[in-house]
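Visitor: Just dropping this structure here.
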Ligand SMILES: Cc1ncc(C[n+]2csc(CCOP(=O)(O)OP(=O)(O)O)c2C)c(N)n1
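Residue numbers (the numbering used here): 11 to 311.
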C-alpha cells in the first residue's frame with residue numbers, strides 16, 4: 011500500500027506495517043534499535059518492541075491501545091486539507107480494531123468534515139484468537155464505510171498488485187475530492203499473533219494449509235517467475251541474504267548501550283519538574299545500591 015503513496019503522506023500504523031516503514035526508508039538498523047530499546051532507538055527505548063515511528067519519514071509512532079490512530083488520522087488529514095498541501099493520511103488497522111468506538115467516531119468525523127484520509131483495513135480473519143465471525147455479524151468492514159457515506163472498496167489483500175492499484179486510486183480520489191476512502195483488504199494471518207501466541211488452540215492445521223497457498227509473497231514470486239523476471243535460485247539467494255542481514259543487524263544492535271538514564275524524564279516538559287527529578291534521583295540511588303540487578307544501567311551514569 012505504501013508504494014501507492016507519496017513521501018509527504020502521513021502513515022498511521024497499527025503494528026503490522028513494517029513493510030510500509032521499510033518502503034519509506036526505515037532500515038534494519040532502525041528496526042533493531044527499536045526492538046532492543048537501545049540508545050539508537052528513535053523512541054529512546056520508551057516503547058514496547060515493534061512500536062516504531064519516524065518523524066523524518068512521516069510515520070506516526072505506533073500506539074498500543076487499539077484504534078486510537080483512527081480518529082487521529084482523521085484529525086491529521088483534516089489539518090492537511092486546511093493547509094492545502096498535496097498530502098493525505100493513510101490509516102492502517104485490523105478488523106478487530108474496527109470494533110472499537112474510535113473506529114466509528116473516526117470514520118464519521120472524516121465523512122462529515124471531508125478529510126483526505128485513506129482508511130486501510132487489513133481484514134486477516136483474526137484478532138489474536140477471536141475469529142471475525144465472533145467479532146461482527148455485518149458484511150465485513152466495507153459495509154460500514156458505505157453506511158458512513160464513504161467511498162469504499164473491498165479487495166483481495168493477498169494480491170499485491172491489487173493493493174497497490176487500490177491505494178493509488180484511493181489517494182488520487184482523496185486528494186482531488188478532499189474526502190475519505192475506505193479500503194478493506196481481505197487476507198489471513200498465517201503466522202501466530204505474536205511470539206506468545208499458539209494458534210493451534212483456536213484453529214486447525216487444515217485451515218492454515220488452505221490459506222498457505224494464497225500467501226501473497228508466494229503468489230508474487232510465482233507471478234514474477236511466470237513473467238521470466240525471477241527464478242528459484244534468485245529467490246533462495248535473496249532469502250539467504252536477508253536472513254544474514256537480519257542476524258548481522260541483531261548482533262550490532264544488542265551491543266549498543268541502553269539510552270542514558272537521564273533521558274527517562276526528558277521530552278515531556280520543557281524543563282523536568284522537581285518531582286520528576288526527585289524520582290529520577292531515587293531510581294539512580296536504587297540502581298547504585300543493586301548494580302547486579304541492572305546490568306545495562308549500573309555504572310553508566
Ligand atoms: C484497546 C485495546 N484492547 C485490546 C488490546 C489487546 N490486543 C492487542 S492486538 C489485539 C488484536 C487486534 O486484532 P486486529 O485489529 O484484527 O489486528 P491484527 O493483529 O489481526 O493485525 C488485541 C485484542 C489492545 N492493544 N488495545
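Quick reminder that beta carbons are idealized off the backbone N, C-alpha and C, glycines included.
(1) If you measure between the beta carbons of residue 35 and residue 47, is that distance less than 8 Å?
(2) Given 7 Å as the limit, tell me if residue 106 has its C-beta closer than that to any heavy atom belonging to ligand 1.
(3) Which partner residues does residue 192 have in the DSSP bridge list?
(4) Does the distance from the C-beta atom of residue 146 to that of residue 102 stay below 8 Å?
(5) In the DSSP assignment, what residue or residues form a beta bridge with residue 138?
(6) Should the segment 171-190 be called in touch with the segment 234-254, which here means at least 3 C-beta pairs below 8 Å?
(7) Indicate whether the contact test is met: 3 or more Cβ pairs, each with one atom in the segment 63-77 and one in the segment 23-30, closer than 8 Å.
(8) If you compare alpha carbons, which of 297, 177, 134 and 120 is closest to residue 225?
(9) Is the distance from the Cβ of residue 119 to the Cβ of residue 75 below 8 Å?
(10) Grab me the residues of residue 212's own chain with a C-beta within less than 6 Å of its C-beta, minus the 5 sequence neighbours each way, in chain order.
(11) Closer than 7 Å to a non-hydrogen atom of ligand 1 - does that hold for the CB of residue 203?
(12) In the DSSP assignment, what residue or residues form a beta bridge with residue 100?
(13) Excluding sequence positions up to five away, which residues of its chain have a Cβ less than 6 Å from the Cβ of residue 1?
(14) Would you say the beta carbon of residue 136 comes nearer than 7 Å to a heavy atom of ligand 1?
(15) How many Å lie between residue 99 and residue 174 at the Cα?
(16) Are the beta-carbon atoms belonging to residue 11 and residue 162 less than 8 Å from one another?
(17) Does any heavy atom of ligand 1 sit closer than 7 Å to the C-beta of residue 164?
(18) Just to confirm my understanding: we take residue 334, look at its own chain, exclude 5 residues before and 5 after, and list those with CB closer than 8 Å. What are they?
(19) I need the straight-line Cα distance from residue 245 to residue 22, nearest angstrom please.
(20) So, at 6 Å on beta carbons, what are the nonlocal neighbours of residue 50 in its own chain, with the 5 sequence-adjacent residues on each side left out?
(21) How would you call residue 127, buried or exposed, if buried means at least 16 neighbouring beta carbons within 10 angstroms?
(22) So which of 258, 297 and 261 has the shortest CA-CA distance to residue 272?
(23) Could you name the residues of the same chain whose beta carbon sits closer than 7 Å to that of residue 166, not counting the 5 residues immediately before and after it, in chain order?
(24) Would you kindly work out how many angstroms separate the C-alpha atoms of residue 268 and residue 262, rounded to a whole number?
(25) According to the neighbour-count rule (16 or more other Cβ atoms, all chains shown, within 10 Å of its Cβ), is residue 311 buried or exposed?
(26) Suppose you measure from the CA of residue 300 to the CA of residue 53; what does that come to, to the nearest Å?
(27) In angstroms, rounded to a whole number, what distance separates the CA positions of residue 308 and residue 302?
(28) Quick check: the Cα distance between residue 281 and residue 97, rounded to an integer number of angstroms?
(29) Have a look at 95, 137 and 79 and flag the residue whose alpha-carbon is nearest the alpha-carbon of residue 111.
(30) Just to confirm my understanding: we take residue 203, look at its own chain, exclude 5 residues before and 5 after, and list those with CB closer than 6 Å. What are they?
Guide: Looking at the coordinates:
(1) Working through the chain shown from its first residue, we reach residue 35 at position 25. Working through the chain shown from its first residue, we reach residue 47 at position 37. No, these two residues do not count as a Cβ contact at 8 Å.
(2) Reading the chain shown from its first residue, position 96 is the one you call residue 106. Yes, ligand 1 has a heavy atom inside 7 Å of this Cβ.
(3) Along the chain shown, one-based indexing puts residue 192 at 182. The partner list for residue 192 (beta bridge, DSSP) reads 129 and 162.
(4) Position 136 of the chain shown holds residue 146. Position 92 of the chain shown holds residue 102. No, these two residues do not count as a Cβ contact at 8 Å.
(5) The residue you call residue 138 lines up with position 128 of the chain shown. The partner list for residue 138 (beta bridge, DSSP) is empty, contrary to what the question assumes.
(6) no
(7) yes
(8) Taking the chain shown and counting its residues from 1, one reaches residue 225 at position 215. Here the closest residue by C-alpha is 134.
(9) Numbered from 1 along the chain shown, position 109 holds the residue referred to as residue 119. Numbered from 1 along the chain shown, position 65 holds the residue referred to as residue 75. Not a contact, by the Cβ cut-off of 8 Å.
(10) As a working note, residue 212 is residue 202 in the chain shown. Correct list, in chain order: 139.
(11) Residue mapping note: residue 203 aligns to position 193 of the chain shown, counting from 1. True, at least one ligand heavy atom lies under 7 Å from that Cβ.
(12) Residue mapping note: residue 100 aligns to position 90 of the chain shown, counting from 1. Beta-bridge pairing links residue 100 to 21 and 128.
(13) Any question about residue 1 goes unanswered here, given that the chain covers just 11 to 311.
(14) Position 126 of the chain shown, counted from the first residue, corresponds to residue 136. At least one heavy atom of ligand 1 is nearer than 7 Å to the Cβ of residue 136, so yes.
(15) Mapped onto the chain shown, residue 99 falls at position 89. Mapped onto the chain shown, residue 174 falls at position 164. Rounded to the nearest angstrom, the two C-alpha atoms are 16 Å apart.
(16) As a position in the chain shown, residue 11 is number 1, starting the count at 1. As a position in the chain shown, residue 162 is number 152, starting the count at 1. Against a cut-off of 8 Å, the Cβ pair of residue 162 and residue 11 comes out as no contact.
(17) Along the chain shown, one-based indexing puts residue 164 at 154. No, Cβ of residue 164 sits at least 7 Å from all heavy atoms of ligand 1.
(18) Lying before the first or after the last residue shown, residue 334 is absent from the chain, which here runs from 11 to 311.
(19) In the chain shown, residue 245 corresponds to position 235, counting from 1. In the chain shown, residue 22 corresponds to position 12, counting from 1. Straight-line Cα distance between these residues: approximately 31 Å.
(20) Position 40 of the chain shown holds residue 50. Excluding positions up to five away in sequence, the list reads 43 and 266.
(21) In the chain shown, counting from the first residue as 1, residue 127 sits at position 117. Result: buried.
(22) For the purposes of this step, residue 272 is taken as residue 262 along the chain shown, with counting starting at 1. When only C-alpha atoms are compared, the closest one is 297.
(23) For the purposes of this step, residue 166 is identified with residue 156 of the chain shown, where counting begins at 1. Closer than 7 Å at the Cβ level, and outside the excluded window around residue 166, lie 172 and 196.
(24) Locating residue 268 in the chain shown gives position 258, where the first residue counts as 1. Locating residue 262 in the chain shown gives position 252, where the first residue counts as 1. Distance between the alpha carbons of residue 268 and residue 262: 13 Å.
(25) Position 301 of the chain shown, counted from the first residue, corresponds to residue 311. With fewer than 16 other Cβ atoms within 10 Å, it is exposed.
(26) Along the chain shown, read from residue 1 onward, the residue named residue 300 stands at position 290. Along the chain shown, read from residue 1 onward, the residue named residue 53 stands at position 43. Distance between the alpha carbons of residue 300 and residue 53 is about 27 Å.
(27) The count along the chain shown starts at 1 and reaches residue 308 at position 298. The count along the chain shown starts at 1 and reaches residue 302 at position 292. Taking the straight line from one Cα to the other gives about 8 Å.
(28) Residue mapping note: residue 281 aligns to position 271 of the chain shown, counting from 1. Residue mapping note: residue 97 aligns to position 87 of the chain shown, counting from 1. Going by the C-alpha atoms only, they are around 34 Å apart.
(29) Here residue 111 refers to the residue found at position 101 of the chain shown. Ranking 95, 137 and 79 by Cα distance to residue 111 puts 79 first.
(30) The residue given as residue 203 occupies position 193 in the chain shown. Around residue 203: 138.
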